[in-house]
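Here is the structure we will look at.
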Amino acid sequence: MDGQENEQPMSGDADTPASGRGRRWALRPRRDRRAGDPAPAPWVRVARRIGVAAAVLAIALAGVVLGTFAGGRMHTDIGPFRAELTLAPALRGGTTVDIPPLGALQLHSHDGPTHLTVALGALDQRRTEALIDDPASISRASQSAVTDVRNGVMRLGLRTVGMTLLVTLLLAALVFRDTRRTAWAGGLALLVTVGSLGAAASTLRPQAIEEPRYEGLLVNAPAIVGDARRIANDYTKYAEQLQRLVGNVSQLYTTVSALPVYEPAPGTTRVLHVSDMHLNPTGWQLIRTVVEQFGIDVVIDTGDITDWGSEPEASFVGSIGLLKKPYVYIRGNHDSARTAAAVAQQPNAIVLDNSTTTVAGLTIAGIGDPRFTPDKNTSPAGSGLTPQVADQVITTGTKLATTIRESPKPVNIALVHDPASAGPLSGVCPLVLAGHTHARQVSKLPEVPGQPPTQLMVEGSTGGAGLRGLEGEKPTPLTMTVLYLDQNKLLQAYDDITVGGTGQAQVNLERHIVQDPKAGAEVPVTPTPTR
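When you line the sequence shown up against our numbering, it's residues 1 to 531, in that order.
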């Protein structure tokens, strides 16, 4: 009997047949919802809570990052500029003021995990014209710069907070599908965002404008930074400096170029010396800019305008006619007779070949290079100076010296391509221009007793030596020189202009004043180049 009673189904299962299958089911422990599930182990509950908290934190941080990138960017007007303000997460704080194409100012303005970028864009055409017509408007426009920046940053902060909260809530709702966890993620994102912006505001250092770090390729950075030594540590002076900063940049834009223009004496003739273009079209852009901005009277080219002197290359010289200024040219060792003929076809070009010309009040004599060696590796003579070639090059200088002595007018400038040809010209004329070496050099030729001194000015490569300019570790810079000759046609000053090589945009201008034009520039006397 007892055995039969033990085999009876459990309460509530009287209808279950007393089969083996029914007995196995009857012996299983039953879960009664009214009595509740078996309680999990404590470590399981802790691990579950930690996992949920980590997930909420991860979603909140992801929402902060995505929301900052999505909403931490806005356009606003800062003085005369249309600017873009950008907030981005960063391990270190600070502010970057981008002033394209001049460079950027790096300010250690604050700490905290946020970085502010202020990118100054182009000036509005209407505002630009107003600035040009009324220079005083630059000062008035820059006075509002500080207020514009402050208001823009506040709006950007609110926009960032709102966007991070929205992105986090949407992300959490998609992941958790739970109101409470979504609310926790949103609150945490709000706390992180407001805390980060608050940390940046609490560590604000207005005096950071006093010590900016300039990052750019324009060497006259002081024109952008301004006179920072006069800034005090209070916000009022900081605001004044920021106004001055915007005003300086405005003036750079409205005057088109940051390159200063020498103020010569009345009657001065401005000559632009270029050389060794080697088919680089960038050189033409630079030449046109300098011709217009410096008021050039005549352009002098000492050769190697092409690389191979071929017929297809002849079209490269067509830009000469666009300059609208006299263009005096001599042939280099990379220029063929066909190249010289193509230059001569330009309406403003003058090709000299052991001859003289008078242009812009200057009498100029020139002679082409005696060699045609476009490929120095295969040419028997090459472009190097073997003894035979040296004699040929020096003889060229002797021929030009004879032409100068026979000239009915005193020659002011002599042109040779290779500076090795300049030796025989010492004492014959006051100034000799050359190229060929792709390296700028200013020197005095060995003096001839009883004759006035002669100065030799060798230009670099106005075309950055073309493709060969990329052979070294650094690209060959583009160079040219503006010469200022006084009423007596003597050199009184010159500006060496250098622009970074291919892929760079560095601009450098070095001004040299000649104290005694009759004696020439203060440079060492060097022997005739022998390379």
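No residue lacks a Cβ here, since even glycine has one placed at the ideal position from N, Cα and C.
Extent of the continuous alpha helix (DSSP H) run through residue i
i    : result
A519 : Unbroken run through A519: none, as it is neither H nor E.
K399 : 387 to 405
T203 : No alpha helix (DSSP H) holds T203; DSSP gives it neither H nor E.
V514 : Segment: none, V514 is in no alpha helix (DSSP H) and carries neither H nor E.
T339 : 337 to 344
Presumed contact (8 Å Cβ cut-off) between residue i and residue j, rounded CB distance
i    : j    : result
L279 : E313 : 6 Å
G67  : T164 : 3 Å
G463 : M277 : 4 Å
T193 : V161 : 5 Å
I367 : K399 : 6 Å
G520 : Q455 : 4 Å
R270 : D297 : 5 Å
Q392 : P370 : 5 Å
P517 : Q487 : Rounded, the Cβ-Cβ distance is 10 Å, inconsistent with contact.
Residue j beta carbon less than 8 Å from that of residue i
i    : j    : result
V499 : L170 : no
T306 : L485 : no
L57  : L188 : yes
K324 : V299 : no
G71  : R159 : yes
L322 : M480 : no
P452 : P430 : yes
H334 : P374 : yes
F294 : S336 : no
G112 : S196 : yes
G318 : S275 : no
I497 : L509 : yes
I50  : A185 : no
L116 : V153 : yes
A344 : T356 : no
A200 : H110 : yes
T86  : D148 : no
L107 : A83  : no
R181 : V52  : yes
R440 : V411 : no
P89  : V65  : yes
V432 : A414 : yes
E311 : R338 : yes
Residue i: first and last residue of the uninterrupted beta strand (DSSP E) it sits in
i    : result
D496 : 491 to 499
A414 : 413 to 415
A365 : 362 to 366
A349 : 349 to 351
L57  : Unbroken run through L57 is the alpha helix (DSSP H), 42 to 71; no beta strand (DSSP E).
T358 : 355 to 359
T479 : 478 to 485
Neighbour flag for residue i against chain C, beta carbons, 8 Å
i    : result
G332 : Annotation note: the requested chain C is absent from the structure, which comprises a single protein chain.
* With a cut-off of 8 Å, do at least 3 Cβ pairs link the segment 321 to 335 to the segment 351 to 359? -> yes
* **Contact the segment 413 to 428 vs the segment 440 to 448: 3+ CB pairs below 8 Å** => yes
* Asked: If we count Cβ pairs, one from each stretch, closer than 8 Å, do we get three or more for the segment 401 to 410 versus the segment 432 to 443?
  -> no
* Give, in chain order, every unbroken run of the alpha helix (DSSP H) that is at least 4 residues long and sits entirely within the segment 255 to 330. => 281 to 294
* Asked: Whole beta strand (DSSP E) runs in the segment 417 to 471 with 3 or more residues, listed along the chain?
  -> 431 to 434, 441 to 444, 455 to 458
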